[in-house]
Amino acid sequence: MEKRNLRKERIGVVSSNKMEKSIIVSEMKRVKHPMYGKYVLNTKRYVAHDEKNDCNIGDTVKIMETRPLSKTKRWRLVEILERAK
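Okay, here's the thing in structure tokens:
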């Protein structure tokens, strides 16, 4: 049996679901500024594959790295952790 390498996982919030079978997930990080010490929010956006079109805007989801599915899609939806209220 072939052994797979570890794949990166990220947790973020769905910011767009307007595409077919695709979502945009925003990952927010609080990073301390090296000089001034103030905490700054950094946002990283990922385009992920959502096979069943389950996600809505505001859902908290877990995504996993995968092979390239299109020009910008390199992530896929693993599970929906929390639904938007």
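Numbering-wise, my numbering comes out as the position in the sequence shown, counting from 1, plus 795.
Just so it is clear, CB atoms sit at the ideal spot from N, CA and C, and this is done for glycine as well.
Query, Result
"Indicate whether residue 870 and residue 858 have their beta-carbon atoms separated by less than 9 Å.", "yes"
"Expressed to the nearest angstrom, what Euclidean distance is found between the alpha-carbon atoms of residue 802 and residue 815?", "25 Å"
"Residue 880 by DSSP, collapsed to three states: which one?", "coil"
"Please report the Cβ distance between residue 856 and residue 809, rounded to the nearest whole angstrom; I am assuming they are in contact, meaning their Cβ atoms lie under 8 Å.", "6 Å"
"Provide the residue span of the beta strand (DSSP E) that contains residue 840, from first to last.", "834-844"
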